[in-house]
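Using the UniProt record's numbering, the letters of the sequence shown correspond one by one to residues 1 to 127.
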Amino acid sequence: MEYEYYHQQFLIEKPCLATQIPPEIFISICKDLPPTDLLSLARVCKKFYGYLCSTNSLTTQEIWRNSRMTFLPFVQLPPPEGMTELQYVKLVSERGCQFCGKSRIRKIYWPFLVRSCKKCLEERTIR
Ligand SMILES: [Zn+2]
1 MEYEYYHQQF LIEKPCLATQ IPPEIFISIC KDLPPTDLLS LARVCKKFYG
51 YLCSTNSLTT QEIWRNSRMT FLPFVQLPPP EGMTELQYVK LVSERGCQFC
101 GKSRIRKIYW PFLVRSCKKC LEERTIR
C-alpha cells in the first residue's frame, strides 16, 4: 500500500502555471524577445511550441518577423520565397552543420538555403 502511495505522489502531474498564460499575454511577452529566447521558449512545452512554430499563423510569423527586424540588424531582407520567418531566423541565428551536426558552422549557402560544412556540401552537390 505504501508503495502505491509513493508512486501516486510522483505520477501526478500538475499543469505548469506558465502554460496557462492566455495567448494574448504570451504574444505580448514575445514581442520584446530576441530570436534566441523565442527558440528557447518554443522548447519549453508543446503549448509554447504550438504558438511559436505554427506555420500557418500570421501572428506567429509577425512575432518572428518583429524579433528578427529588432534583434538581427544584419538580416533585414524578408525571408527567401518558400521559407517561413521561423525557418529563416533559425537558419541565420543557429550554429552547426544542418547535415552532420558539426558545431560552430556558420556558413550559409544561400542558393540552397542551408547551413553546411564544406564536406557535407561537396557530398550533396555536383560541380
Ligand atoms: Zn556537415
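No residue lacks a Cβ here, since even glycine has one placed at the ideal position from N, Cα and C. Only a predicted model underlies this, so the values are computations on that prediction, with no experimental measurement involved.
When you measure from the CB of residue i to every non-hydrogen atom of ligand 1, does any distance come out below 6 Å?
i: residue 118; result: no
i: residue 99; result: yes
i: residue 102; result: yes
When burial is assigned at 16 or more other CB atoms within 10 Å of the CB, is residue i buried or exposed?
i: residue 52; result: buried
i: residue 89; result: buried
i: residue 1; result: With a pLDDT of 48 at residue 1, under the threshold of 50, the predicted position of this residue should be treated as unreliable, though the coordinate-derived value follows. Looking at its Cβ environment, which holds fewer than 16 other Cβ atoms inside 10 Å, residue 1 is exposed.
i: residue 126; result: exposed
i: residue 110; result: exposed
i: residue 77; result: exposed
Under DSSP, the alpha helix (DSSP H) around residue i begins and ends at which residues?
i: residue 32; result: Note, residue 32: premise wrong, no alpha helix (DSSP H); not H, not E.
i: residue 130; result: Residue 130 cannot be examined here, being either before or after the span of the chain that is shown, 1 to 127.
i: residue 60; result: 58 to 71
Could you tell me which of the options sits nearest to residue i, measuring between CA atoms?
i: residue 61; options: 95, 100, 87; result: 87
i: residue 31; options: 23, 42, 66; result: 66
i: residue 50; options: 93, 107, 19, 71; result: 19
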